[in-house]
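Each remark here refers to the structure printed beneath this line.
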Ligand SMILES: CC(C)(COP(=O)(O)OP(=O)(O)OC[C@H]1O[C@@H](n2cnc3c(N)ncnc32)[C@H](O)[C@@H]1OP(=O)(O)O)[C@@H](O)C(=O)NCCC(=O)NCCS
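Residue numbers (this note's numbering): 351 to 550.
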């Protein structure tokens, strides 16, 4: 459905509750993961909020009639971002979640990543130093907003002098690779996820 009342604007701290929600509603390979996490904030703690907090110049939301319906976030330098989170984001969560045990199907993915934060493969960051995440709620999917959000992000990354960007697609969400291909991304490698990239 194409809607004409959307605007893309920088994310603010007031958007955080909505960012958590959109992340949860798209965290099951693009679909609702509410039943798969015992804490609705788990996926957002990993996949969206740290970006809005530590690299806010690259965090954008789509607001339709004033309601936030999607986002795109990016880290312009993945290695710098990883170091920032090791220093300023993961320690507090490690302390907070220390007593937590996995209670729902996907909990352990997040709890393990908090206990032992992962790092992007050297091959990825060597050629495509930035990475991004994009998610739209179902009512605004397939209406051209994904393209507009990606273009907005790529423009911001280019303006910052970034030379390349990668992303990871869940093995269960492979069909979405067609979207990224149309946005100029090519396949890099298939491992724990499908990694795609483009030079800027
Ligand atoms: C994936 C997503 C960001 C795409 O945004 P969108 O607004 O739906 O896509 P657009 O309408 O801008 O489509 C742009 C182009 O990609 C194509 N496309 C979009 N989604 C597609 C899909 N799932 N499969 C195949 N092609 C797709 C469109 O047909 C369009 O092609 P065209 O330019 O040739 O007409 C959005 O659908 C979404 O957030 N989905 C759920 C969460 C998700 O899977 N996120 C990605 C996690 S890696």
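For each residue, glycine too, the CB sits at the ideal point set by N, CA and C.
Cβ-heavy atom distance, residue i to ligand 1, below 7 Å
i: residue 486; result: yes
i: residue 493; result: yes
i: residue 376; result: yes
i: residue 529; result: yes
i: residue 323; result: In the structure as shown, the chain starts at 351 and stops at 550, and residue 323 therefore has no counterpart that could be examined.
i: residue 423; result: no
i: residue 523; result: yes
i: residue 371; result: no
C-alpha gap between residue i and residue j, whole angstroms
i: residue 353; j: residue 405; result: The predicted model places residue 353 with a pLDDT of 47, which falls under 50 and marks its position as unreliable; any figure quoted below should be read in that light. If I take the Cα positions, the gap works out to 29 Å.
i: residue 377; j: residue 532; result: 22 Å
i: residue 400; j: residue 435; result: 7 Å
i: residue 523; j: residue 460; result: 18 Å
i: residue 383; j: residue 391; result: 11 Å
i: residue 483; j: residue 423; result: 5 Å
i: residue 356; j: residue 412; result: 6 Å
i: residue 470; j: residue 499; result: 23 Å
Beta-carbon spacing of residue i, residue j below 8 Å
i: residue 495; j: residue 464; result: no
beta-carbon residue i near ligand 2 non-hydrogen atom, thresh 7 Å
i: residue 519; result: As far as ligands go, the structure on display features ligand 1 and does not contain ligand 2.
First and last residue of the uninterrupted alpha helix (DSSP H) at residue i
i: residue 459; result: 457-465
Opening and closing residue of the beta strand (DSSP E) in which residue i lies
i: residue 412; result: 410-414
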